[in-house]
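Numbering (this note's numbering), first residue to last: 18 to 401. For each residue, glycine too, the CB sits at the ideal point set by N, CA and C.
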């Protein structure tokens, strides 16, 4: 036991990643051993994901690539319909396993991926390993895993890459290393190819929003600003180049879809508000780390600009998801954004940011740097 603890102290990051892998494997093995499956009777599974994967598997087994589906609408550009996730590498799981078992395996693997991304994102934000591991696993396995049991396939495949994408972006702009540049391009491309282009667009847009807040608050030197902007624009260009097979075909289909033009506001704001937000909000409300992180951060906002930025970003996500004060009237004026309907997905992004916020608060409490009484209860949360 002493040797294990010594190894953890000596290599905390490697130990954290190993811990996440073990938690993922144990949960997956438990589900498979008991024969449990996800609730796959939902409309999307019956009408989309299951027949899509069957068509994909049947076509690939014949040595063909499923760019065109003759069985839909007298012929249909299969890749252009991004929700088919035809270009997602993770689709191989559904090729190798029966759909019911593949859905379970995919959920746990992508929950592990999201948790890994949350840990690395916190480390990129200078949170120390112990607090980062606790908050990453609490949100990854305590929020993402149960919230995604409904098995909305493209959302699962795309959303799980978002934390890692944000982490590489933060590291790229801070350290300006090639490995982080390539990591950002790679993870963002997979987020897009996962099949949910709206998740990709919202994740990229929120990251840009936070960057603009940081630039406004911290005012970096002009040299750093220019070099960072060049890196970011070069990375975005490469992302769109890598994801072009998906994006170009999807763009062609827009002319035949309901998103070919700006939505009328009542339709645009329909998938928001309390009624729709109950899809994910209960999973946030019962997550002690998310609730505690938000509550404990309030006394720190005046003296900690980073915490204030995170809380403000979370508030923006909530405002869009719940349409507070009819804030969607503003985004309805923005091109591209006025064609995105699922505003409730901002709750997922808010949960990811909440993990970082909770990690910072817990890290400060454990190091004795946070004097607020609320923050001092973090060891009890760690024990839980």
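List the endpoints of the continuous alpha helix (DSSP H) containing residue i.
| i | result |
| --- | --- |
| residue 215 | 214-235 |
| residue 246 | 239-259 |
| residue 371 | 363-383 |
| residue 344 | From DSSP, residue 344 is part of no alpha helix (DSSP H); its letter is neither H nor E. |
| residue 184 | 179-192 |
| residue 74 | 67-78 |
| residue 34 | 29-51 |
| residue 202 | 195-210 |
Per DSSP, what are the beta-bridge partners of residue i in this structure?
| i | result |
| --- | --- |
| residue 86 | 93 |
Would a C-beta distance cut-off of 8 angstroms place residue i and residue j closer than the cut-off?
| i | j | result |
| --- | --- | --- |
| residue 138 | residue 178 | no |
| residue 211 | residue 105 | yes |
| residue 245 | residue 190 | yes |
| residue 255 | residue 214 | no |
| residue 301 | residue 160 | yes |
| residue 412 | residue 41 | Look at the range of the chain in this structure, 18 to 401, and you will see that residue 412 is not part of it. |
| residue 185 | residue 204 | yes |
| residue 274 | residue 366 | no |
| residue 124 | residue 166 | yes |
| residue 70 | residue 111 | yes |
| residue 336 | residue 328 | no |
| residue 378 | residue 314 | yes |
| residue 98 | residue 270 | yes |
| residue 144 | residue 321 | no |
| residue 230 | residue 317 | no |
| residue 37 | residue 132 | yes |
| residue 4 | residue 164 | Outside the displayed range of the chain (18 to 401) lies residue 4, so it cannot be described from this structure. |
| residue 194 | residue 248 | no |
| residue 338 | residue 284 | no |
| residue 73 | residue 44 | no |
| residue 141 | residue 187 | yes |
| residue 403 | residue 282 | The chain is shown from 18 up to 401; residue 403 falls before or after that span and cannot be answered. |
| residue 84 | residue 94 | yes |
| residue 100 | residue 59 | no |
Decide yes or no for the touch test of the region 112-127 against the region 167-175: beta carbon pairs closer than 8 angstroms, at least 3 of them.
-> yes
Using 8 angstroms as the Cβ pair cut-off and three pairs as the minimum, do the region 296-308 and the region 358-372 touch?
-> yes
Alpha helix (DSSP H) runs wholly inside the region 107-174, at least 4 long, in chain order = 109-113, 116-141, 146-156
Would you say the region 351-364 touches the region 287-303, given that touching needs at least three Cβ pairs under 8 angstroms?
-> yes
Inter-stretch contact (C-beta, 8 angstroms, three-pair minimum) for the region 316-335 and the region 253-268 | no
Of all the alpha helix (DSSP H) runs that stay within the bounds of the region 271-327, which reach a length of 4 or more residues?
-> 282-285, 290-294, 298-302, 305-314
Any contact of the region 135-149 with the region 86-101, i.e. 3+ C-beta pairs under 8 angstroms?
-> no
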